[in-house]
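Numbering (the numbering used here), first residue to last: 18 to 522.
We treat Cβ as the ideally placed atom computed from N, Cα and C, and that holds for glycine.
Since we're looking at a predicted model, the values are computed, not measured.
Just below is one structure, and these are the notes that go with it.
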């Protein structure tokens, strides 16, 4: 990888030289290998001799055992280590465990999941690994040059996930973007790109402003990183691999990269039309977020195909978006005529039927998800914890969660799921789940509610009057609250947070 992106003449993104980027490879709770870091933390041990490779970035190697920056699998990302932006890559087995865990939790018959346990599913794909490393390394570059363009994931909570018109438009955009990438001539690229922009202008007129901001921001961050994968495939084609690659399972050289390139284009279609099921969650925010990886990738690739050679420099500037750059490149055209043709096509009719079913099924599924939080299931013993912070006034409630695991029921009601969720109630305290469980935050009622496995806990002293909650514990959750009351109603434990009572020191 560093032979390509770690050089002054990087063909993927001219001006980006990743040779000095630190890399952290980790297996949760077991070991980390830190490469190329200028000043590692004191508890990392120098271990150059343990890793025989000497090419960049492995000239300087440190190891830490038994303690890792991340305690969950598959965290391929960017983080700060001793104040230095560092590329994070999960160990192959960690990524595999994350994938298998997702498969085990998938809905449907066990036999169908068993059929997915193919050799490919149980082996790492070297081409995907190369792409993933380049993707995450680019985030380090982005953060250094345009950190102000990183968008808040909180905006995704306001996105109209089940909107029929918006999902129809996204699907049509995806098809047109794929046509632009597959086109053989420039006029064909222009024709497809005009359809993209006409449909996008139509559907965005129906979106809240924050949703548009979220799309532009995520297409910048994740879309451009996905484009780096696409450009890397082009840069690797015909390249002579280093000798050690012969030992990598599944590696077959770089002579013909049309297969990986076609896979990315098909993934663009599958993610924008809902074929690809992200995190087994067709109705939540995960598909919305992930499809922006591919739409951003494709918009950038179309700009390349249309000869907009300065777009890489301009996109790093504040206020510049991929949509704006492509609109400028295409110039004026009859958007209404192009839009009318797109919306009256056979493809549009088929997609509209699909997104209408998605919206209907989604409303039913979301109601069932809400019911699973509020109501116990006899065959699975559990109890409900409700944290009521309404007595604190209007404090800020913030949560630690994955943006791939949220479902917005209404502007004021959001369900967080898939990972252990943590929360901080301003002036009230903190909590953290010990096991993943769907969590409902009702901003209007100012309550946080989730279920915990097992029978209702035995509470020796029900705290009916306001007092200190220091040392108060419950199974299945860590609590660090200041003051409040504790009540038990059936299978529900209610913690009512209150301001510091008068008279307490």
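How long is the line joining the alpha carbons of residue 398 and residue 356, rounded to whole angstroms?
53 Å
According to DSSP, is residue 71 part of a helix, a strand, or is it coil?
Confidence at residue 71 is low in this model, with a pLDDT of 46, below 50, so its placement is unreliable and the value that follows should be read with caution. If DSSP states are grouped into helix, strand and coil, residue 71 belongs with coil.
Looking at residue 119 and residue 288, is the spacing between their C-beta atoms short of 8 Å?
no
For residue 242 versus residue 156, is the C-beta spacing smaller than 8 Å?
In this structure, residue 242 places its C-beta atom within 8 Å of the C-beta atom of residue 156.
If I follow the unbroken beta strand (DSSP E) through residue 43, where does it start and stop?
40-44
What does a CB cutoff of less than 7 Å around residue 418 pick up in its chain, not counting 5 residues either side in sequence?
433, 436, 438
Going by alpha carbons, who is nearest to residue 109 out of 80, 78, 149?
Of 80, 78, 149, the smallest CA-CA separation from residue 109 is found for 149.
Label residue 139 either buried or exposed according to how many other C-beta atoms from any shown protein chain fall within 10 Å of its C-beta, with 16 as the threshold for buried.
exposed
With DSSP collapsed to three states, give me the class of residue 272.
coil
What number of angstroms, rounded off, separates the C-alpha of residue 135 from the C-alpha of residue 411?
52 Å
Taking the alpha carbon of residue 234 as the reference point, which residue from 267, 309, 446 has its own alpha carbon closest?
That would be 309, whose Cα lies nearest to the Cα of residue 234.
Taking C-beta to C-beta, are residue 558 and residue 151 nearer than 8 Å?
Residue 558 is absent from the structure shown; the chain starts at 18 and stops at 522.
Judging by CA-CA distance, which residue of 259, 314, 206, 349 is the nearest neighbour of residue 524?
Because the chain here runs from 18 to 522, residue 524 falls outside it and cannot be looked at.
Could you spell out where the alpha helix (DSSP H) holding residue 264 opens and where it closes?
No alpha helix (DSSP H) contains residue 264, which DSSP labels as neither H nor E.
Given a cut-off of 8 Å, decide if residue 489 and residue 503 are closer than it, judged by their beta-carbon atoms.
Yes, the Cβ-Cβ distance between residue 503 and residue 489 is below 8 Å.
Determine the direct distance from the alpha carbon of residue 228 to that of residue 404, and round the result to whole angstroms.
Cα-Cα distance, rounded: 29 Å.
Between the alpha carbons of residue 368 and residue 421, how many angstroms are there, rounded?
Their backbone Cα atoms lie some 24 Å apart in a straight line.
If you drop the 5 nearest sequence neighbours on each side, which residues of the same chain put their C-beta closer than 8 Å to that of residue 27?
21, 33, 34, 35
CB residue 62 to CB residue 106, shorter than 8 Å?
Here residue 62 is not near residue 106, since their CB atoms are 8 Å or more apart.
Could you please give me the residues that DSSP links to residue 48 through a beta bridge?
44, 82
Can you tell which of 174, 513, 232, 240 has the C-alpha that lies nearest to the C-alpha of residue 463?
513
Taking the alpha-carbon of residue 250 as reference, which of 189, 499, 347, 146 has the nearest alpha-carbon?
146
Under a Cβ-count criterion, where at least 16 other Cβ atoms within 10 Å of its own Cβ denotes burial, should residue 267 be classed as buried or exposed?
Within a 10 Å sphere around the beta-carbon of residue 267 sit fewer than 16 other beta-carbons, which makes this residue exposed.
Evaluate residue 378 with the Cβ neighbour count: other Cβ atoms within 10 Å of its Cβ, from every protein chain shown; 16 or more gives buried, anything less gives exposed.
exposed
What does residue 401 pair with, by DSSP beta-bridge criteria?
468, 509
Check each candidate in 84, 56, 116 and name the one with the smallest Cα separation from residue 98.
56
Using the beta-carbon count (16 or more within 10 Å), is residue 469 buried or exposed?
buried
Hey, out of 428, 170, 446, whose CA is closest to residue 307's CA?
Out of 428, 170, 446, 170 has the C-alpha closest to the C-alpha of residue 307.
Kindly indicate the opening and closing residues of the alpha helix (DSSP H) around residue 431.
Per DSSP, residue 431 belongs to no alpha helix (DSSP H); it is in the beta strand (DSSP E), 430-433.
First and last residue of the beta strand (DSSP E) that includes residue 156?
Segment 143-163 is the alpha helix (DSSP H) holding residue 156; no beta strand (DSSP E) there.
For residue 515 versus residue 483, is the C-beta spacing smaller than 8 Å?
yes
Identify every run of the alpha helix (DSSP H) within the segment 301-359, keeping only runs that are complete inside it and at least 4 residues long; order them along the chain.
303-322, 328-331, 339-347
On the three-state DSSP scale, how would you describe residue 450?
strand
Among all the DSSP beta bridges, which residues are the ones paired with residue 497?
447
From which residue to which residue does the beta strand (DSSP E) around residue 220 run?
Where residue 220 is concerned, there is no enclosing beta strand (DSSP E), although the alpha helix (DSSP H) it sits in stretches over 203-221.
From residue 392 to residue 476, what distance separates their C-alpha atoms?
21 Å
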